[in-house]
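Remarks on the structure that follows.
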Amino acid sequence: MYKILTLNNISVTGLDRLPRDNYEIASEITHPDAILLRSYKMHDMEIPASLKAVGRAGAGVNNIPVDRMSELGIPVFNAPGANANAVKELVLTGMLLASRNICPAWDFARNLEGDDAAISKAVEAGKKNFVGTELPGRTLGVIGLGAIGVLVCNAAKALGMNVIGYDPDISVQRAWQLSSDVQSASSVDDLLSRVDYVSFHVPLIDATKHMINADRLKNMKDGVVILNFARNGIVDDEAVVKAIDAGKVGGYVCDFPSNLLKNHDKVVTLPHMGASTREAEENCAIMVADQVREFLENGNVHNSVNFPEVFMPRSDGQRLAVVNANVPKMLGQISTVLADTGHNIIDMLNKSRGELAYTLVDVEGEVDQDCLDQIRAIEGVLAVRTL
Ligand SMILES: NC(=O)c1ccc[n+]([C@@H]2O[C@H](COP(=O)([O-])OP(=O)(O)OC[C@H]3O[C@@H](n4cnc5c(N)ncnc54)[C@H](O)[C@@H]3O)[C@@H](O)[C@H]2O)c1
Ligand SMILES: O=C(O)[C@H](O)COP(=O)(O)O
1 MYKILTLNNI SVTGLDRLPR DNYEIASEIT HPDAILLRSY KMHDMEIPAS
51 LKAVGRAGAG VNNIPVDRMS ELGIPVFNAP GANANAVKEL VLTGMLLASR
101 NICPAWDFAR NLEGDDAAIS KAVEAGKKNF VGTELPGRTL GVIGLGAIGV
151 LVCNAAKALG MNVIGYDPDI SVQRAWQLSS DVQSASSVDD LLSRVDYVSF
201 HVPLIDATKH MINADRLKNM KDGVVILNFA RNGIVDDEAV VKAIDAGKVG
251 GYVCDFPSNL LKNHDKVVTL PHMGASTREA EENCAIMVAD QVREFLENGN
301 VHNSVNFPEV FMPRSDGQRL AVVNANVPKM LGQISTVLAD TGHNIIDMLN
351 KSRGELAYTL VDVEGEVDQD CLDQIRAIEG VLAVRTL
């Protein structure tokens with residue numbers, strides 16, 4: 001029986017991929033084999049010795065201590081693209097909220113008083129305060145052309161906008177998906193100097209922290225609208241609020257409220273709801289539950305952020321999964337132990353990623369405890385299990 005600890009609400013549709021005769025799932029459980037979570041911050045958590053896998057039902061993994069998991073030989077899985085459409089729709093909403101002054105206008109309408117004739121009169125007098133602009137012909141800059149960024153670019157093109165993108169590491173798959181009408185910027189600064197709207201779709205890492213800051217704001221067009229549906233910290237909120245107050249920035253729409261932002265007239269904050277649609281929650285949970293199950297049961301790895309992609313079909317023998325440091329002679333030492341303990345290898349696959357290597361070996365018969373102990377004792381071996 002595998003034990004699964006959930007640290008956030010995970011869609012039942014996804015959890016149903018883990019058959020209950022073989023999986024016990026709970027938000028409080030001891031000795032979990034795997035953790036499923038969304039935005040729960042794992043950084044200060046004590047990692048159970050039993051843990052074999054972490055599944056993030058979403059895209060961003062900055063809430064997970066990925067390096068520590070790698071040191072422990074534990075793969076972290078996520079759900080690339082599974083919530084991208086939901087975020088794209090909210091980004092489009094955000095652009096429209098800003099361009100048509102929807103939030104202050106709605107606020108105005110909700111606070112109208114008097115009988116209907118008085119309201120009607122106030123509406124006609126007041127609407128001039130909410131005159132907006134239209135999207136066709138305006139230029140949107142998109143930083144980060146991954147699953148979400150590409151969808152945002154293509155949707156904005158379909159709305160008649162000019163679109164400029166920037167991503168020095170765009171994947172071949174995303175490049176194929178990107179509309180050929182999207183222009184490419186040579187740098188973040190090049191992009192920022194040319195756009196009326198800018199939207200960020202990058203992970204929060206050192207290189208992306210405060211991508212928009214006071215210096216960069218100076219080189220942007222007057223009235224620019226900034227959209228941050230990526231992560232808190234990618235935009236320097238203080239600098240943006242100062243630029244709004246100075247009349248430089250036209251508006252800021254983001255998914256990360258704070259005391260500084262939440263009541264500002266020209267800021268719209270939403271409660272981190274980019275991925276909060278039924279479809280996205282189900283897609284993410286299904287994808288990550290399938291991946292974690294495949295790893296627990298067969299050792300195969302798909303969509304991990306720290307492990308190599310590994311797929312080896314099952315043979316008749318017993319499977320051994322070994323995670324080790326990516327240094328010379330590991331494979332030789334593992335196969336020597338198997339040979340010395342009398343195990344015949346049927347099939348073997350070894351892949352590496354960065355400092356980690358991962359080996360699946362199918363052997364004839366049962367792998368005994370002595371063999372496992374010897375493999376575990378090899379310097380550089382981080383985790384071993386039979387399945
Ligand atoms: N608001 C929400 O609810 C919500 C939902 C999903 C994702 N997100 C955030 O959005 C981010 C992007 O999601 P995704 O699914 O598109 O991820 P993704 O991995 O498909 O795309 C990220 C892209 O960013 C690019 N990138 C990385 N560093 C860059 C840099 N310095 N400059 C330019 N490009 C850079 C990468 O090359 C990649 O193409 C996630 O990491 C997450 O933090 C937020
Ligand atoms: O990175 C993500 O996928 C989003 O930030 C969604 O986070 P959530 O799963 O907590 O809504």
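Residues 1 to 387 in UniProt numbering are what the sequence shown lists, from first letter to last. By construction, the Cβ of each residue, glycine as well, lies at the ideal position given by its N, Cα and C atoms.
Item: Any heavy atom of ligand 2 nearer than 5 angstroms to the CB - residues listed; Value: R38, S39, G58, A59, G60 and A275
Item: Alpha-carbon to alpha-carbon, Q291 and I35; Value: 12 angstroms
Item: For K351, the residue or residues it bridges with in DSSP; Value: Y358
Item: At least three beta-carbon pairs within less than 8 angstroms, the stretch 323-338 to the stretch 273-293; Value: no
Item: Chain-order list of residues whose beta-carbon lies under 6 angstroms from that of I25 (same chain, five-residue window excluded); Value: I4 and L15
Item: The stretch 91-107 / the stretch 266-282 touching (three or more Cβ pairs under 8 angstroms); Value: yes
Item: heavy atom of ligand 1 below 6 angstroms from V202 C-beta; Value: yes
Item: The stretch 39-55 in contact with the stretch 66-77 per 3-pair CB rule at 8 angstroms; Value: yes
Item: Beta-bridge partners of residue 389, as assigned by DSSP; Value: Lying outside 1 to 387, the shown extent of the chain, residue 389 is not represented and no answer is given.
Item: Boundaries of the beta strand (DSSP E) in which R56 is found, first to last residue; Value: A53 to R56
Item: CB contact flag (G233, H201, <7 angstroms); Value: no
Item: Any non-hydrogen atom of ligand 1 closer than 6 angstroms to A147 Cβ; Value: yes
Item: Whole alpha helix (DSSP H) elements within the stretch 63-121, 4-residue minimum; Value: 66-71, 84-99 and 102-110
Item: Spatial neighbours of V305 in its chain, beta-carbon cut-off 7 angstroms, leaving aside the 5 residues before and after; Value: V61, V66, V76 and N78
Item: Close Cβ partners of F256 (< 6 angstroms) along its chain, the five nearest in sequence each way excluded; Value: N232
Item: Entirely enclosed alpha helix (DSSP H) segments - the stretch 294-382, minimum 4 residues; Value: 330-340 and 369-376
Item: Buried or exposed (CB count within 10 angstroms, at least 16 for buried), I286; Value: buried
Item: Candidates D368, S180, A214 and L159, of which the one nearest residue 389 by Cα; Value: Nothing can be reported for residue 389, as the shown portion of the chain is limited to 1 through 387.
Item: Chain-order list of residues whose beta-carbon lies under 7 angstroms from that of V381 (same chain, five-residue window excluded); Value: V322, N324 and I375
Item: Exposed unless 16 or more other CB atoms sit within 10 angstroms - verdict on R38; Value: buried
Item: V87 CB to nearest heavy atom of ligand 1 below 6 angstroms; Value: yes
Item: Enclosing beta strand (DSSP E) for T13 [first to last residue]; Value: Per DSSP, T13 belongs to no beta strand (DSSP E); it is in the alpha helix (DSSP H), V12 to L15.
Item: Exposure label - M1; buried when at least 16 CB within 10 Å; Value: exposed
Item: Those residues which DSSP pairs with Y23 across a bridge; Value: Y2
Item: Inter-stretch contact at 8 angstroms, needing at least 3 Cβ pairs: the stretch 242-250 / the stretch 203-211; Value: no
Item: Ligand 1 heavy atom lying under 6 angstroms from the CB of F229; Value: yes
Item: Option nearest V188 by Cα separation, candidates A175, L217, N22 and R319; Value: L217
Item: Inter-residue spacing [alpha-carbon to alpha-carbon] between A57 and N8; Value: 9 angstroms
Item: Simplified DSSP assignment, three categories, for T208; Value: helix
Item: I143 CB to nearest heavy atom of ligand 1 below 6 angstroms; Value: yes
Item: Inter-stretch contact at 8 angstroms, needing at least 3 Cβ pairs: the stretch 221-228 / the stretch 169-189; Value: no
Item: Any C-beta of chain D under 7 angstroms from that of H302; Value: The chain inventory of the structure shown lacks chain D, comprising one protein chain alone.
Item: DSSP-derived helix/strand/coil call for G250; Value: strand
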